[in-house]
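Here's the structure, in structure tokens; my notes come after.
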Amino acid sequence: MTLLAAALVGLYPVFRQRMQTIQAASAEENARQKQARQEAAAEEWGQQMYAGALCLYWQLVQKEQGTVVSPAELFFPDQGWELDRSDQEQFDQYVEMAYTNFLDRMEEGNGRYCLAREKDGESPEGQGGGGEAERTNRAETLEPLLQGDTEDWKDASYLALRFGSQGLELTAFSLENCYLGDSRERLAGSTPGDFLEAIGCRELRRYEGLMALPEGVWFAVSFSRSPVEDLFPYSWEEAQQLYSQTLESGLGLAVLASFALVTALALVLPAWRRLGIGEGRLGHLPLEITALAFLLYAGMLGLSYNWILFVGRTLAYPALYAFHIILWAFTFGLWFCLILSLRRVFTDGLGTYLRRQCWMVRLLLGAQEKIRRGAGGLIRMGWMDAGNRRLLKLLGIHALVLAAFCCAGVFGIAGVLLYSVALFYLAVRQRDR
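Residues 0 to 432 (numbering that gives the first Met the number 0) are what the sequence shown spells out, left to right.
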């Protein structure tokens, strides 16, 4: 098995070269799919930040007014009567959750954010000494980003929005190592319905025409690293492609041929008596043991999928080839033992094999024999004998007493202990007599 495993691993460079050829042919399509995933991830992140900006605006309004303002009162002014009370409560709950999630995201990603309101039609930074901004946090350093000034901006991931009278304006948008594509245009066209979608309140989208968005408000957020890089490190589509490419490289056919060769050896070699294959303990392992071991091992490695993916990812690392040889040799060895057990089923006959080799059947037959002997002993027992009848009565009374103690709960434990002491005392007196 070790030689066969070594021969299979020795073909890895050939499989790797063929995989590279296949990957080069599909590189353009893979790049297009990767860009599409990154574009979707960027748009999703932008929508989350857009929802976070509106949640921050709700907090800013409460700070300015010095009182509690519900999100439904703020975003549905003079139209709140159109919403059911349950819908208002649901909307308030989702906005509060979105606000908490936004702050958690900022803390986890070490992000900086700022929300500012225009005054006298000027920008938050102010022109000619006017236009002082109201801020919701400490990030005064984000003021250049609010204006879209990203020429000397150090962070590679940032977003800046302006809520104006003409709608939403995207002043700056970038994600490190992420293809944006048309996500910028789609984000700039965000609607109140997109806000409801982003906070998870899709069922209230029928009210999006009643929502009132802020005007003259600027929002900026910045991260030192890409906040969406963990969304697509290795997608399901890429795993499927790698799985197919690994099989198409010839590895799948080589593995099937190896299992076929092991099967043939397990069926033919035991017929050569001089080798003694199949005569030792490994050759007499029960079928249920070898089958269970192989199934557990196959499930652990995920031979149908995960193991092939692991091989495909590590074809380019010769340092791991020795580890591959060990795993393949063990796999072929288990398969060899399984085929030996199956072969013995046909050579010995099913009935003979079950009686002599199958541990489960032998265990059941042994249990049946013991039950038969125990039942015969009970039948031969003299039930009409006075001593036996007296003993049965005592056992019945004993069972009733224990049942009564069990019904007493905690006090029954103390009762059982006292009953055991009394029973011991009576047994000793009876023995002395």
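We treat Cβ as the ideally placed atom computed from N, Cα and C, and that holds for glycine.
This one's a predicted model, so the numbers in the text were calculated from it and none came from an experiment.
query	result
In the DSSP assignment, find the beta strand (DSSP E) that holds Trp217 and state where it starts and stops.	216–222
According to DSSP, is Leu167 part of a helix, a strand, or is it coil?	strand
Within the same chain, show all residues whose beta-carbon is closer than 8 angstroms to that of Asn109, passing over the 5 residues directly before and after it, in chain order.	Phe222, Ser223
Can you check whether the CB of Leu158 is closer than 8 angstroms to the CB of Trp152?	no
Can you give the beta carbon distance from Ser189 to Glu38, rounded, assuming they're within the 8 angstroms contact cut?	Not confirmed; about 16 angstroms, so no contact.
With three or more beta-carbon pairs closer than 8 angstroms as the criterion, would you say the region 96–109 touches the region 201–210?	no
Which term fits Cys54, buried or exposed, when burial requires 16 or more other beta carbons within 10 angstroms of its beta carbon?	buried
Whose C-beta lies closer than 8 angstroms to the C-beta of Phe331 among residues of the same chain, with five residues either side of it excluded?	Met0, Leu3, Ala4, Ser257, Phe258, Val261
Taking C-alpha atoms, which residue in Phe162, Phe172, Gly163 lies nearest to Glu150?	Phe172
Is there contact between the region 13–23 and the region 60–70, where contact requires at least three CB pairs shorter than 8 angstroms?	no
How many angstroms separate the CA atom of Leu186 from the CA atom of Glu202?	21 angstroms
By the 10 Å Cβ neighbour count, where 16 or more other Cβ atoms means buried, how is Gly311 classified, buried or exposed?	buried
Quick check: the Cα distance between Ile396 and Ile370, rounded to an integer number of angstroms?	26 angstroms
Relative to the C-alpha of Leu59, which candidate in Asp83, Tyr11, Leu73, Asp91 has its C-alpha closest?	Leu73
Straight-line CA distance for Phe231 to Leu268?	With a pLDDT of 46 at Phe231, under the threshold of 50, the modelled position of this residue cannot be trusted; read the value that follows with caution. Going by the C-alpha atoms only, they are around 50 angstroms apart.
What span of residues does the alpha helix (DSSP H) with Arg116 cover, start to end?	Looking at the DSSP string, Arg116 is not in any alpha helix (DSSP H); the run it does join, the beta strand (DSSP E), is 111–116.
Taking the straight line between their C-alpha atoms, what separation do you get for His323 and Leu255?	16 angstroms
Checking 8 angstroms against the spacing of the C-beta atoms, do Gln240 and Asn29 come in under that value?	yes
Please say whether Val220 and Phe162 have beta carbons closer to each other than 8 angstroms?	no
Which residues mark the beginning and the end of the alpha helix (DSSP H) in which Gln33 is found?	The question names Gln, yet the displayed sequence has Lys at residue 33. Unbroken alpha helix (DSSP H) run through Lys33: 26–64.
For Ser182, does the three-state DSSP call read helix, strand or coil?	helix
In or out: Trp57 buried (at least 16 other Cβ within 10 Å) or exposed?	buried
Kindly indicate the opening and closing residues of the alpha helix (DSSP H) around Leu308.	305–313
Determine the DSSP secondary structure at Ala155, reduced to helix, strand or coil.	coil
Closest to Lys62 by CA distance: which of Tyr49, Met48, Leu364, Leu114 is it?	Leu114
Under the rule that 16 or more other beta-carbon atoms within 10 Å means buried, what is Thr346, buried or exposed?	exposed
On the three-state DSSP scale, how would you describe Ala132?	No answer about Ala132 holds up, because its pLDDT of 40 lies below 50 and its placement is not dependable.
What residue does the alpha helix (DSSP H) around Tyr93 start on, and which one ends it?	84–107
Can Tyr93 and Gly199 be called in contact, C-beta distance under 8 angstroms?	yes
Once the 5 residues before and after Tyr457 are set aside, which same chain residues still bring their CB inside 7 angstroms of it?	Lying before the first or after the last residue shown, residue 457 is absent from the chain, which here runs from 0 to 432.
Classify Glu117 as buried or exposed, calling it buried when 16 or more other Cβ atoms lie within 10 Å of its own Cβ.	buried
Output needed for Ala265: all residues of its chain with C-beta closer than 7 angstroms, excluding positions within five of it in sequence on either side, in chain order.	Phe335, Ile338, Leu339, Arg342
Under a Cβ-count criterion, where at least 16 other Cβ atoms within 10 Å of its own Cβ denotes burial, should Ser474 be classed as buried or exposed?	A question about residue 474 goes unanswered here, because the residues of the chain that appear run from 0 up to 432.
Would you mind reading off the limits of the alpha helix (DSSP H) that contains Ala321?	320–347
If we ignore side chains and look at the alpha-carbon of each, how far apart do Gln47 and Ala197 end up?	6 angstroms
For Phe404 versus Tyr418, is the C-beta spacing smaller than 8 angstroms?	yes
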